[in-house]
Amino acid sequence: MDPIDMMATDYNCEYLGLSRLCLMENAGKSISDEIAILSTYKYSRPVKIVIFTGSGGNGGDGFVAARHLLNRGFEVDVYALNTADQIKSGDALDNLKILMNLEPRVSRLSVQFIKDSADLDKIKLDNNSPCIVLDCLLGTGIKGKLREKVRKTVELINAINGLRVAIDVPSGLDPLTGEIADIAVDADYTVCFHKVKTGVKLAGEGKVGGIITCDIGIPIEAELFVEGGDLLRLNNRPSSSHKGNNGKILIVGGSLDYYGAPAISAKASIATGADLVYIYTPKSAALPIKSFSEDFIVKEAKGDYLSIDDLDDILEMASKVDAVLIGPGSAQNEDTMKLFNVLAMKIDKPLVLDADALKLVDFSLINKKEDIIITPHYSEFKSFFKNQIPRDIERNLDNIVNLNDDSDFVKVNDKIDALQSITASFDGSVILKGQYDFIFNKNKLKINRTGNPGMTVGGTGDALAGIAVSLLSQGLDSWTSAILAPYLNGKAGDLAMDAQGYGFGAQDLTQYLGAVMANLID
Ligand SMILES: NC(=O)C1=CN([C@@H]2O[C@H](COP(=O)(O)OP(=O)(O)OC[C@H]3O[C@@H](n4cnc5c(N)ncnc54)[C@H](O)[C@@H]3O)[C@@H](O)[C@H]2O)[C@@H](O)CC1
Ligand SMILES: [K+]
Numbered sequence: 001m002d003p004i005d006m007m008a009t010d011y012n013c014e015y016l017g018l019s020r021l022c023l024m025e026n027a028g029k030s031i032s033d034e035i036a037i038l039s040t041y042k043y044s045r046p047v048k049i050v051i052f053t054g055s056g057g058n059g060g061d062g063f064v065a066a067r068h069l070l071n072r073g074f075e076v077d078v079y080a081l082n083t084a085d086q087i088k089s090g091d092a093l094d095n096l097k098i099l100m101n102l103e104p105r106v107s108r109l110s111v112q113f114i115k116d117s118a119d120l121d122k123i124k125l126d127n128n129s130p131c132i133v134l135d136c137l138l139g140t141g142i143k144g145k146l147r148e149k150v151r152k153t154v155e156l157i158n159a160i161n162g163l164r165v166a167i168d169v170p171s172g173l174d175p176l177t178g179e180i181a182d183i184a185v186d187a188d189y190t191v192c193f194h195k196v197k198t199g200v201k202l203a204g205e206g207k208v209g210g211i212i213t214c215d216i217g218i219p220i221e222a223e224l225f226v227e228g229g230d231l232l233r234l235n236n237r238p239s240s241s242h243k244g245n246n247g248k249i250l251i252v253g254g255s256l257d258y259y260g261a262p263a264i265s266a267k268a269s270i271a272t273g274a275d276l277v278y279i280y281t282p283k284s285a286a287l288p289i290k291s292f293s294e295d296f297i298v299k300e301a302k303g304d305y306l307s308i309d310d311l312d313d314i315l316e317m318a319s320k321v322d323a324v325l326i327g328p329g330s331a332q333n334e335d336t337m338k339l340f341n342v343l344a345m346k347i348d349k350p351l352v353l354d355a356d357a358l359k360l361v362d363f364s365l366i367n368k369k370e371d372i373i374i375t376p377h378y379s380e381f382k383s384f385f386k387n388q389i390p391r392d393i394e395r396n397l398d399n400i401v402n403l404n405d406d407s408d409f410v411k412v413n414d415k416i417d418a419l420q421s422i423t424a425s426f427d428g429s430v431i432l433k434g435q436y437d438f439i440f441n442k443n444k445l446k447i448n449r450t451g452n453p454g455m456t457v458g459g460t461g462d463a464l465a466g467i468a469v470s471l472l473s474q475g476l477d478s479w480t481s482a483i484l485a486p487y488l489n490g491k492a493g494d495l496a497m498d499a500q501g502y503g504f505g506a507q508d509l510t511q512y513l514g515a516v517m518a519n520l521i522d
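Position one of the sequence shown corresponds to residue 1 (UniProt numbering), numbered consecutively onward.
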């Protein structure tokens, strides 16, 4: 499991009501269980446990483990590299405080703080008595080069005559790639929580020792549902960035009949952080779109509908932006169909296809593109994938997909199986909109639960497409953009509903997007 997926999952537990403090307790308890087994297996008796702790959640696991190991009768020495005021994780701090509250010492616990590297030289371990060393310095939160004190501690741990057990990830090893930039704990065992981190798997036994995976009570739904923790996937904007660095978008849409759709998409794009939005639209739609906002840069096509005559202009504009949305409000006619099919093939930027584009663009022209998101509701889904639906599923598709009772485990799983078999030869990401949005690509699946019946109002689908293209333009990959877009859209819809009841429109919804993006449980 990639570190970002693990962090998002941990946070998602909080949104499901399962606190990270509780997960840390389970992690520390499972360390204690595994250490008891290893102690018996390696030494046939309890040995001294030496725990080195860092400033984050990994250190917190060590503090919890210390408490459980004491209860099992072990003698425990904790060497904390950070004092209480330097500890970054609130949960770790709570657990350090518990250890510090155990005064006067009745149990066989010692806690020492390592202020600087010189303090490390003072640690004297009896090399003739066996011990088990727990590396709780750094886990999935490692960033950049090891700081000097941590680096020295890793050297010390590697020199100790004892069994080295790394917690979650050997400190110094990249939890994503498995690479060691400088030095890492040379672990005999690595105890991983929930799932083995990708880097630990890639590094191999020579670097991480034997891998032990512990369940810490994270429900499958914390991974499957898009929740607030997934907002951790949003890019941090560099403070040195300037206009245009954070997303340039082209929206191709609008027609004599519809002009609101591209404007709402554009509003949602700006509201989710894109810097510049260009809209290519027929003359008849251009003026009303301009009047929506001074933020839009509108280029007029000649006719009342988009047509192949617009191809060169659009390709020229597409070459200057980071991502392109095709479809909102374009209406369906032969000329527009020709244009959209060529555009979908020729544009080599990340793409979103929405609304009429899904009725006009041929599946076989784009099914091998990975950098594409489609945002169908059920009837658009059926139309787009019409030649991909296996016979046995086709007969029953309406029943399978239009679930009313989504709490039914079997039905939800039938639906997932059916959707994945229909979309098996599509390499992009699909957001199937509904009461619950199902988001999937060839390998992954997520379910978004935000949103409310007030969102049946016109334009919320256009907002969704605008958010998706905005995230793409800011450098997120198509899968990440596809899972976050419906979450943000639905959550903003929920805030609009709280404020205005069913009286809100898609434009109102876009006003809440910025606040939703900034809102992560601490
Ligand atoms: N968040 C959760 O819900 C859970 C987290 N768990 C544990 O918490 C870990 C993740 O916690 P965190 O996100 O706090 O991250 P870490 O505990 O891995 O480390 C983050 C801390 O280390 C410091 N740091 C980062 N890079 C450094 C470097 N190169 N040199 C020196 N110091 C550096 C940071 O300043 C930060 O304070 C997991 O690996 C796991 O062990 C478990 O308790 C299970 C639950
Ligand atoms: K560690």
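All C-beta atoms in this analysis are idealised placements derived from N, C-alpha and C, irrespective of residue type, glycine included.
Relative to ligand 1, residue 180 has its C-beta separated by 8 Å or more from all heavy atoms. Taking 9 Å as the cut-off, the beta carbon of residue 431 is found no closer than this to the beta carbon of residue 350. By the C-beta density criterion, residue 30 is buried, having at least 16 other C-beta atoms within 10 angstroms. DSSP places residue 334 within a helical segment (H, G or I) once states are collapsed to three.
The Cβ atoms of residue 314 and residue 343 sit closer than 9 Å to each other. Per DSSP, reduced to three states, the secondary structure at residue 135 is strand. The set of residues with CB atoms less than 7 Å from any heavy atom of ligand 2 reads, in chain order, 58, 135, 136, 137, 138, 139, 166, 167, 168, 169, 170, 171 and 185. Beta-bridge partners of residue 218 (DSSP): none assigned. For the 9 Å CB-CB criterion, residue 146 and residue 171 form a contact. When the beta-carbon positions are compared, residue 465 and residue 230 stay at least 9 Å from each other. Looking at the DSSP output, residue 429 shares a beta bridge with 373. By the Cβ criterion, the segment 33-42 is not in contact with the segment 105-121, since fewer than three pairs of Cβ atoms, one from each stretch, lie closer than 8 Å. Runs of the beta strand (DSSP E) spanning 3 or more residues and lying entirely within the segment 345-369 occur at 351-353, in chain order. Relative to ligand 1, even the nearest heavy atom lies 8 Å or more away from the CB of residue 502. Look at residue 492 here: in three-state DSSP terms it is helix.
With a cutoff of 9 Å on beta-carbon distance, residue 280 and residue 306 are scored as near each other. At least one heavy atom of ligand 1 falls within 8 Å of the beta-carbon of residue 89. A check of alpha carbon separations from residue 252 across 337, 194, 219 and 207 identifies 337 as the nearest. Collapsing the DSSP output to three states places residue 11 in a helix. Taking all protein chains in view, the Cβ of residue 152 is crowded by 16 or more other Cβ atoms within 10 Å, so the residue is classified as buried. Cβ contact annotation for residue 356 (same chain, cutoff 7 Å, sequence separation greater than five): 327, 330, 331 and 332, in chain order. Nearest to residue 271 by alpha-carbon distance, out of 379, 386 and 517, is 517. Three or more Cβ pairs closer than 8 Å define a contact, and the segment 433-443 falls short of that threshold against the segment 391-398.
Judged by beta-carbon spacing, residue 96 lies beyond the 9 Å limit of residue 120, meaning their Cβ atoms are not closer than that value. In terms of Cβ geometry, residue 495 and residue 485 do not form a close pair [threshold 9 Å].
Considering only 212, 64, 510 and 475, the residue with the shortest C-alpha distance to residue 490 is 510. Here DSSP, grouped into helix, strand and coil, assigns residue 225 to strand.
By the beta-carbon neighbour count (other beta carbons within 10 angstroms, threshold 16), residue 455 is buried. Between the alpha carbons of residue 129 and residue 24 lies a gap of roughly 30 Å. Remark: the shortest separation between the CB of residue 340 and any heavy atom of ligand 1 does not fall under 8 Å.
The C-alpha of residue 62 is placed about 13 Å away from the C-alpha of residue 89.
Proximity to residue 284 across 298, 294 and 293 peaks at 298, based on C-alpha coordinates. Taking a contact as a CB-CB distance under 8 Å, the pair residue 457 and residue 501 does not count as one, their CB atoms being some 12 Å apart.
Of all alpha-carbon atoms in 247, 286 and 448, the one lying nearest the alpha-carbon of residue 261 is that of 286.
Within the DSSP secondary-structure output, residue 110 pairs in a beta bridge with 77. Residues 158 of the same chain have their beta carbon placed closer than 6 Å to that of residue 186, with the five preceding and five following residues left out of the count.
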